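Read through the structure below, which is laid out as structure tokens, and then see the notes.
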């Protein structure tokens, strides 16, 4: 991790670990060498760094049926508010989306999607990264953290609710501009549920 403008910057990559559990994610610092295998749609992660291997925790995943998934999302979104913001450009050129974990004072997490590339896959990837980070770092963080999301789509097991993510992206594109702390007036929606 490195400090950037008072924020801790973390890159999150979503990978399938040997096909065991879709949607597992890994926080990596810039000094770690990670080699994904592109044979699966999210990649298989290989690393020789024992501290990464030992520190990797796989979050419990909901069942694949849509009803269970939607119940899982309602519960997760109710724990700490999540706002999705449409921005003209992302600050990080390699990112597909950006997740801002706000410290206790700000009170909620923010997902940034680039206006020209915002789609259901990128929103799902950002949500998966946020959930993974929450499970491994806690619901509240002591300092603001910026997470670069490099995946273009969420876990395969979420495929049944892709239309729900598509509906949220459509809602975002048509949302009224509003003032969000730290941004000018932007299109934004509050994620409270996907159904």
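Numbering (the numbering used here), first residue to last: 3 to 197. Glycine is no exception: its CB is placed at the ideal position from the N, C-alpha and C atoms. Predicted model, so just to flag it, every value in this text is computed and none were measured.
- Using a Cβ-Cβ distance cut-off of 8 Å, the stretch 147-165 and the stretch 120-131 are in contact, since at least three pairs of beta carbons, one from each stretch, lie closer than that value.
- Collapsing the DSSP output to three states places residue 196 in coil.
- Counting the other CB atoms within 10 Å of its CB gives residue 148 a total of 16 or more, which places it among the buried residues.
- Apart from the 5 residues on each side of it in sequence, residue 105 sits with its Cβ closer than 8 Å to the Cβ of 142, 143, 144, 145, 146 in its chain, given in chain order.
- Contact between the stretch 73-80 and the stretch 182-189 is not established, with fewer than three Cβ pairs separated by less than 8 Å.
- Rounded to the nearest angstrom, the Cβ distance from residue 170 to residue 193 is 7 Å, consistent with a contact under 8 Å.
- Residue 98 and residue 172 have their alpha carbons spaced roughly 18 Å apart.
- Residue environment analysis places residue 76 among the exposed positions, since fewer than 16 neighbouring C-beta atoms fall within 10 angstroms of its C-beta.
- Here the alpha carbon of residue 72 sits roughly 7 Å from the alpha carbon of residue 195.
- The C-alpha of residue 120 is placed about 18 Å away from the C-alpha of residue 160.
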